[in-house]
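Chains A and B, in that order, are what the protein sequence lines are.
Each residue of the first sequence is one higher than the one before, starting from 1 at the first, in UniProt numbering.
Each residue of the second sequence is one higher than the one before, starting from 1 at the first, in UniProt numbering.
Read through the structure below, which is laid out as structure tokens, and then see the notes.
There are 2 protein chains.
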Amino acid sequence: MLLSGGLDSATTLAIARSEGFACHCLSLDYGQRHGSELEAAQRVAAALGASEQRTIKLDLTAFGGSALTDENIAVPTAPSAGIPVTYVPARNTIMLSLSLAWAEVLGCRDIFIGANAVDYSGYPDCRPEYLEAFEKMANLATKSAVEGNAIRIRAPLVALSKAEIIRRGIELGVDYRLTVSCYQAGEDGSACGTCDSCRLRRQGFISAKIADPTRYQPETNS
Amino acid sequence: MLLSGGLDSATTLAIARSEGFACHCLSLDYGQRHGSELEAAQRVAAALGASEQRTIKLDLTAFGGSALTDENIAVPTAPSAGIPVTYVPARNTIMLSLSLAWAEVLGCRDIFIGANAVDYSGYPDCRPEYLEAFEKMANLATKSAVEGNAIRIRAPLVALSKAEIIRRGIELGVDYRLTVSCYQAGEDGSACGTCDSCRLRRQGFISAKIADPTRYQPETNS
């Protein structure tokens, strides 16, 4: 499964564990601004009893084209029309492709991803129709699949609101203090509170009527 | 476009150039045994007038599972039944995903790949049905595509025999001495002559009735 270290992927890991899966977690160090999410991924994997967590390095700043991979593009602190500049070209496709490779080597049939298409930023590669198309492609792509071991792309959060995700995670014992969602998190994992990801997360805790455990940076604490 | 430095991708580059495309070539340093193919990619890109050639590093030996990425699995020197152990899990999916990211940043609409499903090793991710499924997925994956700039996956060699590929390349001025196909090529790019890739290439020149310019390693020269 893909584990970024954020709220959604932590919840997805908890769901997969609750269904009895032994979870092999893949994180991608792609040169993202919020490198502290990778440390969060390690903490979350350990806390939720993952079988293993690996971080693979792939420098997407070589391509750029996103506020997360090009330091000359600022992270917006107010909502924007359309797909925001924090969109990273083909990121989920790249990460699912890597997880497909690892799944085949491990002999796994289920690939979990924390994609969500309700309270989200409009990224095209979070939508159910995209995930279905990836699954179809994956089942034509690998030796294992053509030999009859079909791959399933599992996105248990895809139709949940952020508040529903948080309530589900709390039920399953997720400690959201361990997670990092902020696109410009400090090295200590503290959150700006104003980026798109922070706004969705903060509103989720408010809607869920659950105290927000996020550590915000002093200047934006509220 | 994807450029490995082998015979097929060199021919694909020549075809794309002959159709008037400005070609941005992507090579993947994934820890393959035959690292000399990456130097071949640079030579081929320069010789055929590519606009640029970039090599991106992604260590697939972290996953293993292939004779090309695990030094404990030997490269076979005789034909085998089924998909051979030189198959690298999800390799074309990973490489096409990376090219999709770069294509979106560059504003390209055509992604060329030298996949071939006639004289090939049976790799599932070389077949037309796989490439069509990837194209469908890609057109749901990116901001650019959902905004109306459809991506096309172009595989001009997919239905050609190796001899037809070679004849087409010769017509277009490809110097096959610059290319490296061998899975266990020497550091100088010389070929073993016995691996699956060498056998297909060698037979292609024989069938095309064109002198084989490949530099073979002394012990296997014939």
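Every residue, glycine too, gets a C-beta built ideally from N, C-alpha and C.
In whole angstroms, give me the CA-to-CA distance for residue i and residue j.
i	j	result
Leu157(A)	Val118(A)	9 Å
Arg202(B)	Ile94(A)	34 Å
Phe63(A)	Leu106(B)	9 Å
Pro218(B)	Asp59(A)	39 Å
Tyr130(B)	Glu171(A)	41 Å
Leu2(B)	Thr55(A)	25 Å
Arg199(A)	Glu147(A)	45 Å
Asn72(B)	Pro84(B)	15 Å
Ala159(B)	Ala67(A)	41 Å
Leu48(A)	Ala14(A)	6 Å
Cys25(B)	Ala185(A)	34 Å
Pro128(B)	Ala155(B)	8 Å
Gln53(A)	Ala45(A)	6 Å
Ser181(A)	Arg91(B)	30 Å
Asp8(A)	Thr61(B)	29 Å
Asp188(B)	Ser36(B)	7 Å
When the Cα of residue i is compared with those of the options, which residue comes out closest?
i	options	result
residue 261(A)	Gly82(B), Tyr123(B) and Ala141(B)	The requested residue 261(A) does not occur in the structure, where chain A is confined to residues 1 to 222.
Ala40(A)	Asn92(A), Ser27(A) and Gly31(A)	Ser27(A)
Phe21(A)	Asp8(A), Arg127(A), Ser144(A) and Ser51(A)	Ser51(A)
Arg43(A)	Gly114(A), Val174(A), Leu200(A) and Ala211(A)	Val174(A)
Tyr30(B)	His24(B), Ala74(B) and Leu38(B)	Leu38(B)
Gly114(A)	Lys143(A), Ile153(A) and Leu98(A)	Ile153(A)
Thr69(A)	Ser161(B), Glu135(B), Trp102(B) and Ser190(B)	Trp102(B)
Leu125(B)	Glu164(A), Pro84(A) and Ala145(A)	Looking at the sequence provided, one finds Asp at residue 125(B) rather than Leu. If we check each option's Cα against that of Asp125(B), Ala145(A) comes out closest.
Ala211(B)	Gly189(B), Ala163(B), Asp196(B) and Cys192(B)	Ala163(B)
Lys136(A)	Ser36(A), Leu100(A) and Ala74(A)	Leu100(A)
Pro76(A)	Lys57(A), Gly169(A) and Ser121(A)	Ser121(A)
Tyr216(A)	Asp196(A), Glu132(A) and Ala191(A)	Ala191(A)
Asp196(A)	Ala74(A), Arg168(A) and Lys57(A)	Ala74(A)
According to DSSP, what are the bridge partners of residue i?
i	result
Cys198(B)	In DSSP, Cys198(B) forms no bridge with anything.
Ala191(A)	Tyr216(A)
Thr55(A)	Ser27(A)
Asp110(A)	Arg152(A)
Leu98(A)	Leu98(A) is not bridged to any residue.
Leu140(A)	Note: Leu140(A) sits in no beta bridge, so no partner.
Leu2(A)	Leu26(A)
Are the CB atoms of residue j and residue i within a distance shorter than 8 Å?
i	j	result
Tyr183(B)	Arg17(B)	no
residue 227(A)	Ala138(A)	An answer regarding residue 227(A) cannot be provided, because it is not within the stretch 1 to 222 covered by chain A.
Tyr123(A)	Tyr87(A)	yes
Thr194(B)	Gly5(B)	no
Phe112(A)	Thr214(A)	no
Leu96(B)	Phe134(B)	yes
Gly65(A)	Glu19(B)	no
* Is it a yes or a no for the stretch 72-86 of chain A touching the stretch 206-218 of chain A, going by three-plus beta-carbon pairs under 8 Å? -> Note that the stretch 72-86 of chain A does not touch the stretch 206-218 of chain A; fewer than 3 beta-carbon pairs, one per stretch, sit closer than 8 Å.
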